[in-house]
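There are 2 protein chains.
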Amino acid sequence: MRPRDVAALGWLWRENFLPALIWVKEAPAYRGEGGFMITPAEPFQRFANRILPANLSDTVYFRFQALARASRLAKAHSLDFAGAGQQIVFVVDGATKLVAHASESRDQIVAFQFAGEVFTVPGPDNYSYSVSALKDCDILAFDSAEFLRLASSEAGVLHHLLENTTLSLRRCREKTIALGRKTAGERIAVFLVGMAERIGVEQDGRLVLELPMSRRDISDSLGLTIETVSRQLSKLRDDGVIETVGRSGVILNALESLRDRAGFLREAA
Amino acid sequence: MRPRDVAALGWLWRENFLPALIWVKEAPAYRGEGGFMITPAEPFQRFANRILPANLSDTVYFRFQALARASRLAKAHSLDFAGAGQQIVFVVDGATKLVAHASESRDQIVAFQFAGEVFTVPGPDNYSYSVSALKDCDILAFDSAEFLRLASSEAGVLHHLLENTTLSLRRCREKTIALGRKTAGERIAVFLVGMAERIGVEQDGRLVLELPMSRRDISDSLGLTIETVSRQLSKLRDDGVIETVGRSGVILNALESLRDRAGFLREAA
DNA sequence: TTCCGAATTTGATCTGGGTCAATGCCCTTC
DNA sequence: GAAGGGCATTGACCCAGATCAAATTCGGAA
């Protein structure tokens, strides 16, 4: 049974969670194999390959699987964990944004995530957080408390999770630096360089980006307005540093120049 | 041998690291006891109480101890990990700031830390990071790679570290929200409320803060200038929300009003 | 207790990026 | 392939907070 077929189940699928189990039939048979076969067990499988150690016992493996709630998230739709506590989310496929709602009409995008990435969604606190799909997504979500209870004696799982969290923290700190001490032009350059590293594709020696997020998303991520984002991109275009293709395509002609404009620490410092 | 005595050793102590071991003589005898006795083993002891599981074997305990580099850091002095990789730092006593150097004269304070807190210092990347003492400090530092190698099969240690990292991430995200979408007045209110939670002391029903950081530190943390910080504090004083005592004392007369000004999500939303 | 230098506060002015307002252009849908 | 609607761009103007410049005050040292 493929996700596609499952979708046909109708209401079960929708916006809501659904145990990943229904995607899974012969999981153990596939587990641990290299290469991502498109199999019924694929979503949890991919998660397991990335986060669970290869030598995990079947019993524990299935317990984790039972905790996973899979959801198919159509573009622009969002998961709201209001009421629930901290979550651990895996992006099986697609791209998402983690949005903090500061107040009416003031959203801050805390981070973007792409296929294969794991991240933590804070429980509600001073702000409420939600995860939105930048394009159609497949997502696995775990209640963090339940997940950690199960993982509490699995050093391998904790280690992977720690590494992922530390990476998120580093990215968040870099964003802090950008928002606290950089000009609009520098922020845009930082953004483009960062996206180039994460989703850039090389074509004819030039880096090509297909940005899944809108100008509003970019501005909500960088603490700017859409107008400023647009103006800065136009400036880069006028300067020949980038070319734009339609609404989402960006070609980076001069990555070095972009790095200079990003205001990073000089290498030779 | 107390830290105080050790300091008398002179050059060994200074700004440099020094194996924590020299602080330690009868560590095993004290380990696991409740209550923080001031003992020779105190620094590593405190760290162990917070991060290492109580049932850790002595062998492993001592291996961790051998990795610890203790340092006494005088106010305004800083540890520079340039060259070294990611670090795990424990603030035994005092208060520190984690500073990212964006470029000449543009520093961003990424986080403040107080006694008893553990945090990660990123390895050099697009920016270089350093840890500075807001007041005289005792600090333990571990090379992160070495620490994790040793901890890789110690689920208890990893679990604590993960919790600490997740907390840092949550704080960093809240800072992101503040820097991306809040006005100067809101940022100051957020800062004061946050400090109240971490180092506030209740006196006669009012919260009293003794801020260890200067106006420059506050401005470098909030992405503002010292002048703006000063003006916003004056405004709060004029409005009767706070009183200031000398350069570092702040009395919060109306925590609720501060919360309102912080632009947090309305509870009743 | 006085004194000095640095930290802070306060004031005046300037500006990067926000806001408001059209206009233009993708891209979807029919 | 024409049309419509939202997204993006561009322009004019404004303002929160930066910058520049004193004046004031704190708190350590003598």
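Chain order of the listed sequences is A and B.
Under our numbering, think of the first position of the first sequence as 1, with each following residue one higher.
Under our numbering, think of the first position of the second sequence as 270, with each following residue one higher.
Here a beta-carbon is modelled for each residue, glycine too, at the ideal position from N, C-alpha and C.
Quantities reported herein were computed from a predicted structural model and do not represent experimental measurements.
Contact belief for A/Ser-132 with A/Ser-214 at Cβ below 8 Å, rounded distance in angstroms: If you number the first sequence from 1, residue 132 of chain A lands on position 132. If you number the first sequence from 1, residue 214 of chain A lands on position 214. At roughly 11 Å, the Cβ-Cβ gap does not stay under 8 Å, so A/Ser-132 and A/Ser-214 are not in contact.
task: Please confirm whether B/Glu-466 and B/Ser-517 have their CB atoms less than 7 Å apart.
output: Counting from one through the second sequence, the residue named residue 466 of chain B turns up at place 197. Counting from one through the second sequence, the residue named residue 517 of chain B turns up at place 248. No, the pair does not count as a contact, with Cβ atoms beyond the cut-off.
query: Which residue's Cα is closest to the Cα of B/Ser-372: B/Tyr-396, B/Glu-525, B/Leu-524 and B/Ser-526?
result: For the purposes of this step, residue 372 of chain B is taken as the residue at position 103 of the second sequence. Checked all of B/Tyr-396, B/Glu-525, B/Leu-524 and B/Ser-526; the closest Cα to B/Ser-372 is B/Tyr-396.
query: DSSP three-state call for A/Lys-97: helix, strand or coil?
result: The count along the first sequence starts at 1 and reaches residue 97 of chain A at position 97. Strand at A/Lys-97.
query: Under a CB-based cut-off of 7 Å, is A/Lys-175 close to chain B?
result: In the first sequence, the residue the question calls residue 175 of chain A occupies position 175. Interface residue, yes.
- prompt: What's the gap between the Cα of B/Phe-411 and the Cα of B/Ile-357?
  reply: Here residue 411 of chain B is taken as the residue at index 142 of the second sequence, counted from 1. Here residue 357 of chain B is taken as the residue at index 88 of the second sequence, counted from 1. Using only the alpha carbons, I get a separation of about 5 Å.
- prompt: Helix or strand or just coil, what does DSSP make of B/Arg-341?
  reply: What you label residue 341 of chain B is simply residue 72 of the second sequence in a count that begins at 1. Strand, per DSSP.
- request: Quick one: grab the DSSP three-state call for B/Thr-308.
  value: Along the second sequence, one-based indexing puts residue 308 of chain B at 39. With a pLDDT of only 44 at B/Thr-308, under 50, the local geometry of the prediction cannot be trusted, and the value read off the model is given with reservation. In this structure, B/Thr-308 counts as coil in the three-state DSSP scheme.
message: Taking its Cβ as the centre, do 16 or more other Cβ atoms sit within 10 Å of A/Ser-57, making it buried, or is it exposed?
response: The residue given as residue 57 of chain A occupies position 57 in the first sequence. So A/Ser-57 ends up on the exposed side.
message: Taking 7 Å as the threshold (beta carbon to beta carbon), is B/Phe-533 in contact with chain A?
response: The sequence position of residue 533 of chain B within the second sequence is 264, counting from 1. Answer yes: the Cβ-Cβ gap between B/Phe-533 and chain A drops below 7 Å somewhere.
8 Å contact criterion, which B/His-428 and A/Leu-158 should meet: CB distance rounded: Translated into positions along the second sequence, residue 428 of chain B becomes position 159. Translated into positions along the first sequence, residue 158 of chain A becomes position 158. So it is a contact: roughly 6 Å between Cβ atoms.
- request: Go ahead and pull the three-state DSSP assignment for B/Thr-389.
  value: Within the second sequence, residue 389 of chain B is the residue found at index 120, counting from 1. Strand at B/Thr-389.
task: Determine, using beta carbons only, whether B/Tyr-396 comes closer than 7 Å to chain A.
output: Reading the second sequence from its first residue, position 127 is the one you call residue 396 of chain B. Yes - at least one Cβ of chain A is within 7 Å of the one on B/Tyr-396.
- prompt: DSSP puts A/Ile-109 in a beta bridge; with which residues?
  reply: Counted from its first residue, the first sequence places residue 109 of chain A at position 109. BP columns for A/Ile-109 point to A/Val-99.
- prompt: Between the segment 182–190 of chain A and the segment 445–463 of chain B, do at least 3 Cβ pairs fall closer than 8 Å?
  reply: no
Which of helix, strand or coil DSSP assigns to B/Glu-295: Counting from one through the second sequence, the residue named residue 295 of chain B turns up at place 26. For B/Glu-295, the predicted model reports a pLDDT of 34, less than 50, meaning its position is unreliable; a value from the coordinates is still stated below. B/Glu-295 falls in the coil class under three-state DSSP.
message: Is it buried or exposed, B/Gly-492, if we count other Cβ atoms within 10 angstroms and call 16 or more buried?
response: Within the second sequence, the letter at position 223 stands for residue 492 of chain B. It is buried - the Cβ of B/Gly-492 has at least 16 other Cβ atoms within 10 Å.
- request: Name the two residues that bound the continuous alpha helix (DSSP H) containing B/Val-498.
  value: For the purposes of this step, residue 498 of chain B is taken as the residue at position 229 of the second sequence. Here the alpha helix (DSSP H) through B/Val-498 covers 495–507.
query: Of all the beta strand (DSSP E) runs that stay within the bounds of the segment 435–487 of chain B, which reach a length of 3 or more residues?
result: 470–472 and 475–479
- prompt: Where does A/Asp-220 land, buried or exposed, given buried means 16+ other C-beta within 10 angstroms?
  reply: For the purposes of this step, residue 220 of chain A is taken as residue 220 along the first sequence, with counting starting at 1. Classification for A/Asp-220: buried.
query: How about A/Arg-72 and A/Asp-138: do their beta carbons lie closer than 7 Å?
result: The count along the first sequence starts at 1 and reaches residue 72 of chain A at position 72. The count along the first sequence starts at 1 and reaches residue 138 of chain A at position 138. In contact: A/Arg-72 and A/Asp-138 (Cβ atoms closer than 7 Å).
query: Closest Cβ-Cβ distance between B/Pro-322 and chain A: below 7 Å?
result: Locating residue 322 of chain B in the second sequence gives position 53, where the first residue counts as 1. Not an interface residue.
field: Distance between A/Ser-105 and B/Ala-351 (C-alpha atoms, nearest Å)
entry: What you label residue 351 of chain B is simply residue 82 of the second sequence in a count that begins at 1. What you label residue 105 of chain A is simply residue 105 of the first sequence in a count that begins at 1. Looking at the two C-alpha atoms, the distance is approximately 42 Å.
query: According to DSSP, is A/Ala-254 helix, strand or coil?
result: On the first sequence, position 254 is the one that residue 254 of chain A refers to. Residue state, collapsed to three classes: coil.
field: Residues sharing a beta bridge with B/Asp-349, DSSP
entry: As a position in the second sequence, residue 349 of chain B is number 80, starting the count at 1. In the DSSP output, where bridge partners are listed per residue, B/Asp-349 has B/Ser-399.
query: Does the beta carbon of B/Thr-434 come closer than 7 Å to any beta carbon on chain A?
result: What you label residue 434 of chain B is simply residue 165 of the second sequence in a count that begins at 1. Taking Cβ atoms only, chain A reaches closer than 7 Å to B/Thr-434, which makes this a yes.
message: Going by beta-carbon coordinates alone, are B/Gln-377 and A/Arg-171 separated by less than 7 Å?
response: The sequence position of residue 377 of chain B within the second sequence is 108, counting from 1. The sequence position of residue 171 of chain A within the first sequence is 171, counting from 1. Taking 7 Å as the Cβ cut-off, B/Gln-377 and A/Arg-171 do not qualify as a contacting pair.
Identity of the residue in B/Leu-476, B/Asp-507, B/Thr-494 and B/Gln-314 nearest B/Leu-524 by Cα: Position 255 of the second sequence holds residue 524 of chain B. The shortest C-alpha separation from B/Leu-524 is found at B/Leu-476.
message: Please list the terminal residues of the continuous beta strand (DSSP E) segment that includes A/Asp-138.
response: Stepping through the first sequence from its first residue, residue 138 of chain A is reached at position 138. Here the beta strand (DSSP E) through A/Asp-138 covers 137–143.
- prompt: Can you round the beta-carbon distance between A/Thr-120 and A/Ser-168 to whole angstroms, since I take them to be within the 8 Å contact cut?
  reply: On the first sequence, position 120 is the one that residue 120 of chain A refers to. On the first sequence, position 168 is the one that residue 168 of chain A refers to. Confirmed, about 7 Å.
- prompt: Helix, strand or coil for A/Gln-87 per DSSP?
  reply: Here residue 87 of chain A refers to the residue found at position 87 when the first sequence is read from its first residue. It is a strand residue.
DSSP bridge partner residues for B/Thr-513 (one or two, in chain order): Here residue 513 of chain B is taken as the residue at index 244 of the second sequence, counted from 1. Note: B/Thr-513 sits in a beta bridge opposite B/Val-519.
- request: For B/Phe-383, write down the residues that DSSP places opposite it in a beta bridge.
  value: Within the second sequence, residue 383 of chain B is the residue found at index 114, counting from 1. Per DSSP, B/Ala-364.
message: Considering Cα atoms alone, identify which of A/His-101, A/Arg-173 and A/Phe-64 is closest to B/Arg-535.
response: Here residue 535 of chain B refers to the residue found at position 266 when the second sequence is read from its first residue. Among A/His-101, A/Arg-173 and A/Phe-64, the Cα nearest to that of B/Arg-535 is on A/His-101.
- request: Determine the burial state of A/Gln-86: buried for a count of at least 16 other Cβ atoms within 10 Å of its Cβ, exposed for fewer.
  value: As a first step, residue 86 of chain A is located in the first sequence; it is residue number 86 there, counting from the start. By the neighbour-count rule (16 or more Cβ atoms within 10 Å), A/Gln-86 is buried.
message: Suppose you measure from the CA of B/Val-519 to the CA of A/Pro-43; what does that come to, to the nearest Å?
response: By one-based count along the second sequence, residue 519 of chain B stands at place 250. By one-based count along the first sequence, residue 43 of chain A stands at place 43. C-alpha separation (whole angstroms): 53 Å.
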